[in-house]
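Reviewing the structure listed below.
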Amino acid sequence: MKSDNFLHHFFFKVLLLFPALSVCTGIICEPRISLASSQNSVMRVIEQAQSPYKDSSVESAFPIFEETVLSRERYQGGTFRVLARKGKLDRSPCSACHTDTEVKAQDSARLTHGDIVLNHGQSGALSCLDCHSREQKNLLEDREGNAIDLDHSYQLCGQCHFRQKSDWLGGAHGKRVSNWNGERVIFNCTTCHDPHSPRFEKRFPATYSPSQP
Amino acid sequence: MTQDNNDKTKGSRRNFLKGLSIAAAAGSASLVTGCLPDVSEASSETLKLKWQEFFKKNYRLMTAAEKEETVARLERLAKLQNDREVRIDTTPPREKVLFGYAFNVTRCEGFMECVTACIKENNLDRKANTQYIRVFEMEPGQLDPSTGDGKYYHEVPVENKFYMATQCFHCENAPCTKACPTKATWREPDGIVVVDYDWCIGCRYCQAACPYYGRRFNWGKPDIPEDEINPRQHYLGNRVRPKGKMEKCTFCIQRSREGRLPACVEACPTGARVFGNLLDPDSEIRFVLKNKKVFRMREELGTDPKFWYFID
Ligand code: SF4
Ligand code: SF4
């Protein structure tokens, strides 16, 4: 075995590049597709794999340092976590400003949310109170009047974007954080989308590809 | 006296090696020089390590101990030659795992964050601008990237265009692996198609056999700014390749085998990329295959790729 290996190695590393061999490229590469043998074989393998993957080596998965909350919805019968939102807001909790004290003129610019441009849905179709609760400033509110925590905004977004929500629950929309394995932690709607302007802004690509296949 | 002796032994080894490399050069293209130890090497430790490296086995035939040894040599060589601290691991495939990938054609907006993340993660040659991932700007209704623009550089997304990315699809029935005359490329049990860079002779048969333009050949030593080298490496993955080798996407084997997502998935700002275990019915990738309209590129070829495109 050992000497076989050696010969094999030596032969190919040192001698194989004789120009004559390059002629063979065509011959070797020609019958490149064996159609009948295994078409759709991976689909068959997938169909047969029906027991959930449980791995004890989950601890090797990369630790997630971001703050997460346990989702209030289920995913394929199980629970999962989503990235928290409240800690990421500049002006949170809302009740820090929304008190009964009067607003002084010099604070008004900062306190009236004049920096927020609502660019969500058809222009003029939505207003602040379609999502925010009038009474409880720390909370969101859906159309039925249910209060919704800012960390669980998917409950609110899903009332219109129900298709995206079911894709998100299943994993075809949005994404997992860091790991494909281990406890499922996924991005919240508001991790990626600015709720006041949910479309991604146009920008230049991060790089370009100079050569073409 | 000892000095003399040393010189003598050095001299004779030199002559021996020189003779060998001349013999080799006579019958081979200049690319092979990347494999043979360089006789002018200053340090004898380097020379010894390179020599041992040259005569090691194909990765698939190595015992666990031999894998340990080669990795230790490679790490030491990185230190000796480039003063680089790297960790090369040989993490094996996990049982009951078969990796699969899905790409949401509706979501991709052409930002190419995946491409830059891949370049950094996988220690790709900056000088030749090697990229494993290619993103194409496509006309509506077209589904073949060869009809798209792979060289765009303007603000994206452009109205009425869509974006579609390609990379190695890790075919179950991979024609590239069958074309290799040295068995330097193969499909691992978790479905990742890999290259043993030290066994590859750079003949590029595999590249010709791939119907998806999945493979990249490095014509030169990878040029990477020293402080940008990713030191967390895998033998079959992102370790810095010698010159004249075939390389390609490995689903970030150094990450995915540890339970992490490939760099491109993690970098994608739109969530267009889904990765996971095809054998796990609860995985996201299985959800996509079951619930979305999926297709694979040139499925009629029978290559059986583990990379699906889907639309919302
Ligand atoms: S896409 Fe090309 S390189 Fe990748 S496995 Fe398939 S044939 Fe091989
Ligand atoms: S380039 Fe390397 S991996 Fe590809 S066929 Fe030749 S020896 Fe095999």
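Chains as they are written, first to last, in this note's numbering: chain X, 666 to 878; chain D, 255 to 566. In this text, a Cβ means the ideal position worked out from N, Cα and C, and glycines have one as well. Model, not experiment: these values are computed from the prediction.
The segment 522–534 of chain D makes contact with the segment 706–714 of chain X; the number of CB pairs closer than 8 Å reaches 3 or more. As a beta-bridge residue in DSSP terms, Asn531 of chain D pairs with D:Phe353. When the alpha-carbon of Glu363 of chain D is set against those of X:Leu783, X:Arg864, X:Pro875, the nearest one is in X:Arg864. The CB of Lys753 of chain X never comes closer than 8 Å to any CB in chain D; the least such distance is about 16 Å. Contact check between the segment 500–510 of chain D and the segment 375–386 of chain D: three or more CB pairs, one atom from each, fall below 8 Å, which counts as touching. Gly525 of chain D has a beta carbon lying within less than 7 Å of a beta carbon in chain X. Gly530 of chain D belongs to the set of residues whose beta carbon lies under 7 Å from a beta carbon in chain X. Look at Cys430 of chain D: its beta carbon is less than 6 Å from one of the heavy atoms in ligand 1. Assignment of beta-bridge partners to Lys547 of chain D by DSSP yields D:Ile565. In this structure, Ala521 of chain D sits near Ala371 of chain D, with a CB-CB distance shorter than 7 Å. Taking 8 Å as the cut-off between beta carbons, the residues of the segment 364–381 of chain D near chain X are Gly364, Phe365, Met366, Glu367, Val369, Thr370, Ile373, in sequence order.
With fewer than three CB-CB distances shorter than 8 Å, the segment 492–503 of chain D does not count as touching the segment 791–811 of chain X. In the structure shown, His861 of chain X adopts coil according to DSSP, grouped into three states. As computed with DSSP, Asp343 of chain D is found in a beta bridge with D:His488. Separation of Gly395 of chain D and Pro485 of chain D (C-alpha to C-alpha, rounded to the nearest whole angstrom) is 43 Å. Cβ proximity to chain D below 9 Å picks out Tyr740, Gln741, Gly742, Gly743 from the segment 732–745 of chain X.
Look at Ser874 of chain X: its C-beta is under 7 Å from a C-beta on chain D. Between Ser874 of chain X and the set D:Ala419, D:Phe423, D:Asn427, the nearest pair of CA atoms involves D:Ala419. Of the residues assessed, Pro516 of chain D falls on the buried side of the cut-off, its CB having 16 or more other CB atoms within 10 angstroms. Counting other Cβ atoms within 10 Å of its Cβ, Ser818 of chain X reaches 16 or more and is therefore classed as buried.
When Cβ pairs closer than 8 Å are counted between the two stretches, the segment 843–862 of chain X is seen to touch the segment 739–755 of chain X, the count reaching three or more. Residue contact with chain D for Tyr819 of chain X: absent (no Cβ-Cβ distance below 7 Å to any residue of chain D). Proximity to Val325 of chain D across D:Asp343, D:Arg338, D:Arg550 peaks at D:Asp343, based on C-alpha coordinates. Contact between Val410 of chain D and Phe365 of chain D holds: CB atoms are separated by about 6 Å, below the 8 Å threshold. Cβ proximity to chain D below 8 Å picks out Gly835, Gly836, Ala837, His838, Gly839, Lys840, Arg841, Ser843, Asn844, Trp845, Asn846, Gly847 from the segment 834–849 of chain X. Sequence-distant partners of Lys350 of chain D (beyond 5 residues in either direction) whose C-beta falls short of 7 Å from its own C-beta, in its chain, are Leu533.
Using a Cβ-Cβ cut-off of 7 Å, Val768 of chain X does not count as an interface residue toward chain D, since no Cβ of chain D sits closer than that to its own.
Residue range 298–308 is occupied by the alpha helix (DSSP H) that includes Leu303 of chain D. Contact note: Lys333 of chain D does not reach chain X at a C-beta cutoff of 7 Å; the least C-beta distance is about 25 Å. Listed in chain order, the alpha helix (DSSP H) elements of length 4 or more contained wholly in the segment 453–500 of chain D are 459–463. The beta carbon of Phe416 of chain D lies closer than 7 Å to those of Val359, Met392, Pro394 in the same chain, with the five residues before and after it left out. In the three-state reduction of the DSSP assignment, Gly752 of chain X falls in the helix class, which pools H, G and I. For Pro476 of chain D, the closest alpha carbon among the candidates D:Asn383, D:Asp444, D:Arg552, D:Glu512 is that of D:Asn383.
Relative to ligand 1, Tyr451 of chain D has its C-beta separated by 6 Å or more from all heavy atoms. Excluding residues up to 5 positions away in sequence, nothing lies with its Cβ nearer than 7 Å to the Cβ of Thr766 of chain X in the same chain.
The shortest CA-to-CA distance from Trp453 of chain D to any of D:Gln421, D:Lys311, D:Arg388, D:Asp398 is the one to D:Lys311.
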